[in-house]
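**Student:**
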Amino acid sequence: MDLLIFQAPILMVQASLDGILLGILFALIAYGMALQWGVMNIINIAQGELVIMGGYVAYFMYMMGIHPGFGIIISPIIMYFVGWGLYKLVINKVVDRDLFISILATFGISILTQQLMNFIFGSDVVVAQSNFGTTMFFDGMVTLPNAKIFAAVVSVIFAIGLVMYMRKSKLGRAIRATAQNARAAKILGVDTEKVYAATFGINAALCGVAGSLIAITFTLHPYVGLPYTVRSFMIVIVAGLGNLPGVALSGMGLGVFEEFADYILGTEFRIGSVFLLLVLILVYRRFKLSKKREYLK
Amino acid sequence: MKIKNILITFVSAIALILTSSTISLAKVVGDKIILGAAVSLTGKYSTNGEHTKNGYNFAVDRINSMGGIKVGGKTYKFDIIYYDDESNSGRAAQLAERLIKQDGVQYMLGPYSSGLTKAIAPVTEENKIPMVEANGASRSLFTKGYKYLFAVLSAANQYLEVAIDLAVEKNGGKPIKIAMAFEQDAFSQDVRIGVVDAAKRTGSKIIIDDKLPKELNDMAATLAKVKATKPDVLVVSGHSKGALTAIRQIAEMKVDVKMLAMTHCDASKLAKQHGKNSEYALCAAQWHKSLSYKDKFFGDGMKYDKEFKAQFGYNPPYQAAESSAALLVWKDAFERANTLDKDKVRDALSKTEMQTFYGNIKFSPAGQNIAKPMVLFQVRCEGDKCENKVVAPTKWASAELVHPVPKWSER
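In the order they appear, the protein sequences are chains A and B.
Numbering-wise, the first sequence is residues 1 to 297 according to my numbering.
Numbering-wise, the second sequence is residues 298 to 708 according to my numbering.
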């Protein structure tokens with residue numbers, strides 16, 4: 001137990017801002033996961049690997065002398081086709097099977113992409129420099145790296161863009177229809193195969209954006225994808241499936257909770273306490289559900 | 298079903314033939330002394346595994362071309378059987394078993410990393426096979442009473458002790474306030490033990506003691522605490538990821554601290570990846586090319602650096618240098634034992650007392666090298682080019698320590 005945060009309340013401002021910025025970035029990854037989980041009923045274990053792969057696209061650009069910030073444009077385009085290709089190669093064979101098969105399949109994809117990235121980019125930890133500088137408040141006591149602010153703004157723009165696209169465009173409508181009832185959509189002339197491929201592609205593209213933001217805010221390594229998968233999974237679980245505004249809120253909420261846990265309980269309990277919170281939320285959900293009237297199946 | 302059965306029988310028959318044919322390989326083939334090594338060529342340690350392998354091979358070529366090893370009036374050459382342990386400790390233990398039981402290897406070289414060395418050591422110990430390892434620094438390797446393990450490198454708890462002593466010295470011998478952040482893995486926690494001991498010894502106070510979860514790549518909270526409490530020294534250890542994350546976020550958050558001490562600066566190519574932002578970071582290293590140790594095979598560190606680069610195309614990190622040193626230890630032990638008997642060679646190993654280009658080597662009863670101090674270097678930049686300059690121990694210092702580190706507002 002550490003009381004530093006209460007002795008220096010300015011740290012609360014820092015913790016809240018850090019948590020929100022971090023949470024928004026995670027929420028972007030969770031958006032992709034929620035989308036393809038909702039539409040295709042697939043839990044993508046390779047989500048984190050897609051993120052890291054997107055990051056390596058930005059890193060590659062950085063090595064070529066292009067500012068890694070442009071990764072947010074190039075990376076989603078490349079990753080869309082990677083996702084589309086993965087769907088055509090693997091996912092379309094498991095999409096109508098039970099959840100366990102798809103978990104296994106995406107787990108396989110995750111191992112394969114890890115090794116592939118290791119093979120291509122090596123096992124060194126790498127970073128891309130954005131040189132965006134820092135914004136300071138309260139006489140330098142609260143600092144926000146501009147790279148993180150950039151990441152949050154870009155994430156919000158893409159998230160809003162996605163929601164608009166889902167509402168307005170023809171493909172968006174087809175995706176929503178397929179999510180509601182794939183068979184009915186098919187009968188009414190929706191090419192569900194194409195919808196699935198596009199959904200997986202869009203998910204990969206969102207991961208690409210997030211990855212290139214991670215390249216300039218954190219570090220990249222072929223084997224660090226799993227925490228991103230787990231985190232986005234948690235955010236989706238907490239928000240509830242099909243609840244897109246909830247994803248943003250739960251992302252930020254978990255981010256802030258994590259930062260405060262770090263200050264109060266200690267860094268070693270940071271991730272553990274988030275998991276504890278997840279368990280509590282699930283138990284609470286179960287409790288609430290059991291009170292609901294239901295018909296017998 | 299029937300075809301499947303036939304297939305299984307067929308495959309197992311082939312496997313049997315293959316395994317029985319490899320058993321005939323012995324510890325010495327013709328004029329070659331066969332050493333065995335499981336090294337990570339794939340997986341997360343593959344980069345450092347490659348350095349380890351290159352270091353081994355470089356020394357083998359050098360020793361063989363300079364007359365080989367003279368044992369009992371006969372001249373032998375070294376040869377190494379490599380297996381890829383896939384950066385996986387379970388696999389490493391299996392491969393050690395295979396090297397010893399199937400390939401008949403009687404002399405082992407270590408793998409890369411403390412974790413994998415820990416996995417292999419019980420196997421070599423049980424089979425009474427001497428192992429000279431160059432890349433396992435964890436303290437726990439030397440507290441289990443292993444008799445057949447010899448490490449040419451300094452133990453993990455020695456990494457940053459020097460930095461604390463240095464900070465106290467710069468503070469006029471008065472106790473200091475220490476903030477530390479260590480990843481929760483065997484190696485970093487061993488480094489932490491060393492720092493805690495040094496703090497006790499100097500009467501210094503530890504005001505922040507954060508243990509970073511392995512999955513974490515964000516240290517913002519720790520650094521905000523550092524900003525609020527203003528310690529004299531900040532100590533960070535968390536492999537390459539920890540070093541890169543720390544420098545990135547210290548620069549972004551403009552954290553001013555008088556001394557920043559870390560590990561893995563060279564493994565993470567800190568000076569190259571972060572450039573000027575990494576300036577003034579103090580780093581612990583097992584070896585640096587500018588040290589003045591000498592031997593007749595590689596000359597000195599500078600010469601080793603140059604020739605290694607000519608052969609492999611990159612400057613040798615200390616992981617390669619210590620791996621090369623392991624072979625020099627083997628050669629020396631074989632010649633002093635003057636026999637190929639593994640137990641006699643083991644006894645000779647335990648009496649090793651020599652100088653190599655990498656440093657002095659003398660083993661404690663636990664197999665730890667006690668003759669070589671750690672070096673500290675500081676990242677220094679001229680224009681945009683940043684380099685590691687040795688600042689401690691003072692005997693080899695090529696630059697004066699900059700202390701305290703200039704504030705971010707003045708850089």
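Note that CB positions come from ideal geometry on N, CA and C, so glycine has one too.
Just so you know, these numbers come straight off a predicted model, no measurement behind them.
#1: Taking 7 Å as the CB-CB cut-off, is Q47 (chain A) touching chain B?
#2: Three or more C-beta pairs under 8 Å: does that hold for the stretch 586-598 of chain B against the stretch 566-577 of chain B?
#3: Please give the ranges of any alpha helix (DSSP H) in the stretch 454-484 of chain B, keeping only runs that are unbroken, at least 4 residues long and fully inside the region.
#4: Indicate whether at least one CB of chain A lies closer than 7 Å to the CB of K511 (chain B).
#5: If we count Cβ pairs, one from each stretch, closer than 8 Å, do we get three or more for the stretch 441-453 of chain B versus the stretch 495-507 of chain B?
#6: In whole angstroms, what separates the C-alpha of K329 (chain B) from that of L338 (chain B)?
#7: To the nearest angstrom, report how far apart R167 (chain A) and V57 (chain A) are at their CA atoms.
#8: Mind reading off the beta-carbon distance from E549 (chain B) to T134 (chain A)? Whole number of angstroms is fine, and I expect it under 8 Å.
#9: At the 7 Å Cβ level, is N514 (chain B) part of the contact set with chain A, yes or no?
#10: Could you check what DSSP says for V94 (chain A) in three-state terms: helix, strand or coil?
#11: Beta carbon of M477 (chain B), beta carbon of V532 (chain B): below 7 Å?
#12: What span of residues does the alpha helix (DSSP H) with Q616 (chain B) cover, start to end?
#13: Considering only their Cβ atoms, is the gap separating I475 (chain B) from P528 (chain B) smaller than 7 Å?
#14: Closer than 7 Å by beta-carbon distance: list the chain A residues that pair up with F541 (chain B), in chain order.
#15: Any beta-carbon of chain A closer than 7 Å to the one on T344 (chain B)?
#16: Looking only at its chain, what residues have a beta carbon closer than 6 Å to the beta carbon of K524 (chain B), apart from the 5 residues adjacent to it on each side?
#17: Check whether the Cβ atoms of G387 (chain B) and S411 (chain B) sit closer than 7 Å, and answer yes or no.
#18: Which residues, in chain order, does the stretch 644-669 of chain B contribute to contact with chain A at a C-beta distance below 9 Å?
#19: Quick check: what's the CA-CA separation for F218 (chain A) versus N514 (chain B)?
#20: Kindly indicate which three-state DSSP category I366 (chain B) falls into: helix, strand or coil?
#21: With a cut-off of 8 Å, do at least 3 Cβ pairs link the stretch 221-232 of chain A to the stretch 43-55 of chain A?
#22: Closer than 8 Å by beta-carbon distance: list the chain B residues that pair up with T267 (chain A), in chain order.
#23: Tell me which same chain residues have a C-beta within less than 6 Å of the C-beta of A215 (chain A), skipping the five on either side of it?
#24: Let me confirm a value: K341 (chain B) is counted as buried when at least 16 other C-beta atoms fall within 10 Å, else exposed. Which label applies?
#25: Is the stretch 413-423 of chain B touching the stretch 352-360 of chain B, taking contact as three or more C-beta pairs under 8 Å?
#26: Inspect the beta-carbon positions of T716 (chain B) and D124 (chain A) and report whether they are closer than 7 Å.
#27: Using only the alpha-carbon positions, how far apart do S321 (chain B) and V672 (chain B) sit?
#28: Are the beta-carbon atoms of V402 (chain B) and G333 (chain B) separated by less than 7 Å?
#29: Could you spell out the range, first to last residue, of the beta strand (DSSP E) harbouring C207 (chain A)?
#30: Can you tell me whether T106 (chain A) is helix, strand or coil according to DSSP?
#31: Along the chain, where does the beta strand (DSSP E) that runs through M651 (chain B) open and close?
#32: By alpha-carbon positions, which one of A:F6, A:A159, A:F81 ends up nearest to A34 (chain A)?
#33: Does Y223 (chain A) have its Cβ less than 7 Å from a Cβ in chain B?
#34: Roughly how many angstroms separate the alpha carbons of G369 (chain B) and Q391 (chain B), rounded to a whole number?
#35: Would you say G253 (chain A) faces chain B, with C-beta separation under 7 Å as the test?
#36: For R708 (chain B), name the three-state secondary structure that DSSP assigns.
**Tutor:** Reading off the structure:
#1: Looking up residue 47 (chain A) in the first sequence gives position 47. Cβ-Cβ to chain B under 7 Å: no for Q47 (chain A).
#2: no
#3: 458-467
#4: What you label residue 511 (chain B) is simply residue 214 of the second sequence in a count that begins at 1. False, the Cβ-Cβ gap to chain A never drops below 7 Å.
#5: no
#6: Here residue 329 (chain B) refers to the residue found at position 32 of the second sequence. Here residue 338 (chain B) refers to the residue found at position 41 of the second sequence. C-alpha separation (whole angstroms): 24 Å.
#7: Counting from one through the first sequence, the residue named residue 167 (chain A) turns up at place 167. Counting from one through the first sequence, the residue named residue 57 (chain A) turns up at place 57. One C-alpha to the other measures close to 30 Å.
#8: If you number the second sequence from 1, residue 549 (chain B) lands on position 252. If you number the first sequence from 1, residue 134 (chain A) lands on position 134. E549 (chain B) to T134 (chain A), Cβ: 5 Å. Contact.
#9: One-based indexing of the second sequence puts residue 514 (chain B) at position 217. With 7 Å as the cut-off, N514 (chain B) counts as an interface residue toward chain A.
#10: On the first sequence, position 94 is the one that residue 94 (chain A) refers to. It is helical.
#11: To locate residue 477 (chain B), count along the second sequence from 1; it is residue 180. To locate residue 532 (chain B), count along the second sequence from 1; it is residue 235. Yes, these two residues count as a Cβ contact at 7 Å.
#12: Start at 1 with the first residue of the second sequence, and residue 616 (chain B) comes out as number 319. Segment 615-634, the alpha helix (DSSP H) holding Q616 (chain B).
#13: Counted from its first residue, the second sequence places residue 528 (chain B) at position 231. Counted from its first residue, the second sequence places residue 475 (chain B) at position 178. Result yes, Cβ atoms of P528 (chain B) and I475 (chain B) sit closer than 7 Å.
#14: By one-based count along the second sequence, residue 541 (chain B) stands at place 244. Note that residue 541 (chain B) is Leu in the sequence shown, not Phe. Near L541 (chain B) (Cβ distances below 7 Å), the residues of chain A are V125, V127, T219.
#15: For the purposes of this step, residue 344 (chain B) is identified with residue 47 of the second sequence, where counting begins at 1. Yes, T344 (chain B) lies at the interface with chain A (some Cβ there is under 7 Å from its Cβ).
#16: Here residue 524 (chain B) corresponds to residue number 227 of the second sequence, with the count starting at 1. Once the five neighbours on either side are set aside, the close Cβ partners of K524 (chain B) are V552.
#17: Locating residue 387 (chain B) in the second sequence gives position 90, counting from the first residue. Locating residue 411 (chain B) in the second sequence gives position 114, counting from the first residue. Going by C-beta atoms, G387 (chain B) is not nearer than 7 Å to S411 (chain B).
#18: none
#19: Within the first sequence, residue 218 (chain A) is the residue found at index 218, counting from 1. Within the second sequence, residue 514 (chain B) is the residue found at index 217, counting from 1. Spanning the two alpha carbons is a distance of roughly 6 Å.
#20: Residue 366 (chain B) sits at position 69 when you count from the first residue of the second sequence. Looking at I366 (chain B) - three-state DSSP - the assignment turns out to be strand.
#21: yes
#22: Residue 267 (chain A) sits at position 267 when you count from the first residue of the first sequence. Under the 8 Å cutoff, chain B gives A478, D507, K508, L509, P510, L513, A518, T519.
#23: Within the first sequence, numbered from 1, the residue matching residue 215 (chain A) stands at position 215. Cβ within range, chain order: G55, A58, Y59, P68, A128.
#24: Within the second sequence, numbered from 1, the residue matching residue 341 (chain B) stands at position 44. Buried, since its Cβ has 16 or more Cβ neighbours within 10 Å.
#25: no
#26: Missing from the structure shown is residue 716 (chain B); chain B here goes from 298 to 708 and no further.
#27: Indexing the second sequence from 1 puts residue 321 (chain B) at position 24. Indexing the second sequence from 1 puts residue 672 (chain B) at position 375. Residue confidence for S321 (chain B) is low, a pLDDT of 43 falling below 50, so the modelled location carries little weight; the figure read from the coordinates is stated next. Taking the straight line joining both Cα atoms gives about 45 Å.
#28: Mapped onto the second sequence, residue 402 (chain B) falls at position 105. Mapped onto the second sequence, residue 333 (chain B) falls at position 36. Yes, they are a contact pair.
#29: Stepping through the first sequence from its first residue, residue 207 (chain A) is reached at position 207. Here C207 (chain A) belongs to no beta strand (DSSP E); instead the alpha helix (DSSP H) covers 192-217.
#30: In the first sequence, the residue the question calls residue 106 (chain A) occupies position 106. Correct three-state label for T106 (chain A): helix.
#31: In the second sequence, counting from the first residue as 1, residue 651 (chain B) sits at position 354. First-last of the beta strand (DSSP E) with M651 (chain B): 650-653.
#32: To locate residue 34 (chain A), count along the first sequence from 1; it is residue 34. Ranking A:F6, A:A159, A:F81 by Cα distance to A34 (chain A) puts A:A159 first.
#33: Your numbering for residue 223 (chain A) matches position 223 in the first sequence. For Y223 (chain A), the answer is yes, since a Cβ of chain B falls inside 7 Å of its Cβ.
#34: Start at 1 with the first residue of the second sequence, and residue 369 (chain B) comes out as number 72. Start at 1 with the first residue of the second sequence, and residue 391 (chain B) comes out as number 94. If I take the Cα positions, the gap works out to 33 Å.
#35: By one-based count along the first sequence, residue 253 (chain A) stands at place 253. Chain B contact via Cβ: absent.
#36: In the second sequence, counting from the first residue as 1, residue 708 (chain B) sits at position 411. Three-state DSSP puts R708 (chain B) in coil, outside helix and strand.
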